[in-house]
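Undergrad: Just so we're on the same page, the numbering used here is the position in the sequence shown counted from 1, plus 6. Take this structure first; my questions come after.
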Amino acid sequence: NNNIFIYFNPRDIQDINQLVYDYNLKFNKNGGDISMTSKGEESLWFMFQKGKELAQKLISEKAENKIPSIAYKLLSSLRIEDVNSFMNLVLRLYLSYNLEVPTLFVKALNDKNSFLAYGYGFLNGILDEYNKKVNEGGQ
7 NNNIFIYFNP
17 RDIQDINQLV
27 YDYNLKFNKN
37 GGDISMTSKG
47 EESLWFMFQK
57 GKELAQKLIS
67 EKAENKIPSI
77 AYKLLSSLRI
87 EDVNSFMNLV
97 LRLYLSYNLE
107 VPTLFVKALN
117 DKNSFLAYGY
127 GFLNGILDEY
137 NKKVNEGGQ
């Protein structure tokens, strides 16, 4: 079954991601590289947009059937906090489609909280675009 059923809008999940990220920064003394300002929120939405762009590229290349498995692999890597697996998959995708890897991933490699927030934002963007495509009856 290639259908992914989501009962929450990925944009709503992105808002929750922002709240969790802000909470982690506020109560984690080590904090993160990004402060709880609009810059931090802009960075998360930037990653959301980058996820959408990657999904658009996959759709335009007639590879939208790969999106569900990519999403599951990315989610699995984030869930177990495996930065290496996540980045390996992201790098392979970006190299395969001649795209530039978002620099925020590289900048956040040493800050797990930021990296996870960016990763979830990126994944939400992929799912948002994919679900738009599916809901339009494009699959």
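A virtual CB, placed ideally from N, CA and C, is assigned to each residue, including glycine. Quick caveat: nothing in here was measured; it's all calculated off a predicted structure.
What residue does the alpha helix (DSSP H) around residue 135 start on, and which one ends it?
TA: On the sequence shown, position 129 is the one that residue 135 refers to. Residue 135 -> alpha helix (DSSP H) spans 118-141.
Undergrad: Exposed or buried, which one is residue 36 when buried takes at least 16 other CB atoms within 10 Å?
TA: If you number the sequence shown from 1, residue 36 lands on position 30. Any reading at residue 36 needs caution, since the residue's pLDDT is 49, under 50, leaving its predicted position unreliable; the model's value is listed next. Burial call: exposed.
Undergrad: Please state whether DSSP places residue 38 in a helix, a strand or coil.
TA: For this step, residue 38 is matched to residue 32 along the sequence shown. Residue confidence for residue 38 is low, a pLDDT of 49 falling below 50, so the modelled location carries little weight; the figure read from the coordinates is stated next. Reduced to three states, the DSSP call for residue 38 is coil.
Undergrad: So for residue 74, helix, strand or coil by DSSP?
TA: For the purposes of this step, residue 74 is taken as the residue at position 68 of the sequence shown. It is helical.
Undergrad: Given that a residue counts as buried once 16 or more other Cβ atoms are within 10 Å of its Cβ, and exposed if not, what is residue 41?
TA: Start at 1 with the first residue of the sequence shown, and residue 41 comes out as number 35. Low confidence applies to residue 41: its pLDDT is 46, below 50, so where it sits in the model is not reliable, and the reading given next is rough at best. Exposed.
Undergrad: Of all the options 126, 64 and 136, which has the alpha carbon lying nearest to the alpha carbon of residue 80?
TA: As a first step, residue 80 must be located in the sequence shown, where it is residue number 74. When only C-alpha atoms are compared, the closest one is 126.
Undergrad: Rounded to whole angstroms, how far is the Cβ of residue 64 from the Cβ of residue 72, which I believe are closer than 8 Å?
TA: Residue numbering aside, residue 64 sits at position 58 when the sequence shown is read from its first letter. Residue numbering aside, residue 72 sits at position 66 when the sequence shown is read from its first letter. Sure, about 6 Å apart at Cβ, within 8 Å.
Undergrad: Start and end of the alpha helix (DSSP H) containing residue 90?
TA: Here residue 90 corresponds to residue number 84 of the sequence shown, with the count starting at 1. That run of the alpha helix (DSSP H) goes 89-102.
Undergrad: Check residue 107 in the structure and name its three-state DSSP category.
TA: As a working mapping, residue 107 is identified with position 101 in the sequence shown. Residue 107: coil per DSSP, three-state reduction.
Undergrad: Compute the distance between the beta-carbons of residue 70 and residue 61, then report whether it is under 9 Å.
TA: By 1-based counting over the sequence shown, the position of residue 70 is 64. By 1-based counting over the sequence shown, the position of residue 61 is 55. Their beta carbons are under 9 Å apart, which means residue 70 touches residue 61 by this criterion.
Undergrad: What three-state label does DSSP hand residue 65 in the structure shown?
TA: By one-based count along the sequence shown, residue 65 stands at place 59. Residue 65: helix per DSSP, three-state reduction.
Undergrad: On a Cα-Cα basis, can you pick out the residue from 86, 101 and 56 that is closest to residue 110?
TA: Counting from one through the sequence shown, the residue named residue 110 turns up at place 104. Out of 86, 101 and 56, 56 has the C-alpha closest to the C-alpha of residue 110.
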